[in-house]
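Asker: In this note's numbering, the protein residues as written are 78 to 240. Even for Gly, the Cβ is constructed at its ideal location relative to N, Cα and C. Starting off with a structure, shown below.
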Amino acid sequence: MTALKYLQAYPATLQDQVRQLIADGRLGDYLSQRYPQKHDVQSDKALYTYALDLKQEYLRNAPAIDKVLFDNRLDLTHRALGLHTTISRVQGGKLKAKKEIRIASLFKEAPSEFLKMIVVHELAHFKESDHNKAFYKLCEHMLPGYHQVEFDVRVYLTWRDMQ
78 MTALKYLQAY PATLQDQVRQ LIADGRLGDY LSQRYPQKHD VQSDKALYTY
128 ALDLKQEYLR NAPAIDKVLF DNRLDLTHRA LGLHTTISRV QGGKLKAKKE
178 IRIASLFKEA PSEFLKMIVV HELAHFKESD HNKAFYKLCE HMLPGYHQVE
228 FDVRVYLTWR DMQ
């Protein structure tokens, strides 16, 4: 039986369906049929604009984002597809906080829905720090069908590991 490390938290029936697609050699076809559109966000500047547009549309009252970039050092061994950080510094007599989002560079070549899911996930952390019900409700608000896309991102990562 094939170990599906990205899908371990999902029910056995779903894992079996993915295993069947793998056995039939159709996993890549499933993904390309379901997500045919690649995105054109290839630079850090374009990614910043993309994330800022999403923030403006859904999270106007959230703190400003100072930096958004693709990060070559983020990898799946650390189980990080994206990171949100707040860096606090004292400047003069004031405490300044900078908000950053880093997205794993493997998403430069991913379907557009996958990039949006990762950006939405990291933006949601600026409002809700934990992965709780409110967090996932916010993700679902910003990206309807969020849970399906998150599952498919995990299927995509499984497919990439097989290449």
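Could you pull the start and end residues of the beta strand (DSSP E) that Val267 belongs to?
Answerer: Look at the range of the chain in this structure, 78 to 240, and you will see that residue 267 is not part of it.
Asker: Can you say whether Asp101 is buried or exposed, counting buried as having 16 or more other CB atoms within 10 angstroms of its CB?
Answerer: Your numbering for residue 101 matches position 24 in the sequence shown. It counts as exposed.
Asker: Can you tell me where the beta strand (DSSP E) with Glu177 in it begins and where it stops?
Answerer: Within the sequence shown, numbered from 1, the residue matching residue 177 stands at position 100. That run of the beta strand (DSSP E) goes 171–181.
Asker: Can you say whether Val167 is buried or exposed, counting buried as having 16 or more other CB atoms within 10 angstroms of its CB?
Answerer: By one-based count along the sequence shown, residue 167 stands at place 90. With fewer than 16 other Cβ atoms within 10 Å, it is exposed.
Asker: Below 8 angstroms on the Cβ atoms is my guess for Glu177 versus Lys214; work out the distance and round it to an integer in Å.
Answerer: Locating residue 177 in the sequence shown gives position 100, counting from the first residue. Locating residue 214 in the sequence shown gives position 137, counting from the first residue. Not a contact, Cβ separation roughly 24 angstroms.
Asker: Indicate whether the contact test is met: 3 or more Cβ pairs, each with one atom in the stretch 227–235 and one in the stretch 185–193, closer than 8 angstroms.
Answerer: Judged by Cβ distances under 8 angstroms, the stretch 227–235 makes contact with the stretch 185–193, as three or more pairs qualify.
Asker: By Cβ distance, which residues of its chain are closer than 7 angstroms to Arg111, with the 5 residues on each side in sequence left out?
Answerer: Reading the sequence shown from its first residue, position 34 is the one you call residue 111. These residues qualify, in order along the chain: Asp229.
Asker: Whole angstroms are fine: how far does the CA of Gln92 sit from the CA of Gly169?
Answerer: Position 92 of the sequence shown holds residue 169. Position 15 of the sequence shown holds residue 92. One C-alpha to the other measures close to 55 angstroms.
Asker: Gln85 to Met194, Cα distance in whole Å?
Answerer: The count along the sequence shown starts at 1 and reaches residue 85 at position 8. The count along the sequence shown starts at 1 and reaches residue 194 at position 117. Those two C-alpha atoms are separated by around 20 angstroms.
Asker: Alpha carbon to alpha carbon, how far is Lys185 from Asp117?
Answerer: The sequence position of residue 185 within the sequence shown is 108, counting from 1. The sequence position of residue 117 within the sequence shown is 40, counting from 1. Looking at the two C-alpha atoms, the distance is approximately 8 angstroms.
Asker: At which residues does the alpha helix (DSSP H) containing Gln114 begin and terminate?
Answerer: As a position in the sequence shown, residue 114 is number 37, starting the count at 1. Gln114 -> no alpha helix (DSSP H), and no H or E assigned at all.
Asker: Is it the case that the CB of Phe191 approaches a heavy atom of the ligand ATP more closely than 7 angstroms?
Answerer: Among the components of this structure there are no ligands whatsoever, and the ligand ATP is therefore not found.
Asker: Just verifying my parser: in three-state terms, what is the DSSP assignment at Gln225?
Answerer: Counting from one through the sequence shown, the residue named residue 225 turns up at place 148. It is helical.
Asker: What's the call for His155, buried or exposed, on a 16-neighbour Cβ count within 10 Å?
Answerer: Taking the first residue of the sequence shown as 1, we reach residue 155 at position 78. Bear in mind that a pLDDT of 49 at His155, under 50, signals an unreliable position, so the model cannot answer this.
Asker: In terms of residues, what are the limits of the alpha helix (DSSP H) holding Arg96?
Answerer: By one-based count along the sequence shown, residue 96 stands at place 19. Start and end: 89–100.
Asker: When the Cβ atoms of the stretch 123–135 are set against those of the stretch 206–213, are three or more pairs found closer than 8 angstroms?
Answerer: Judged by Cβ distances under 8 angstroms, the stretch 123–135 makes no contact with the stretch 206–213, as fewer than three pairs qualify.
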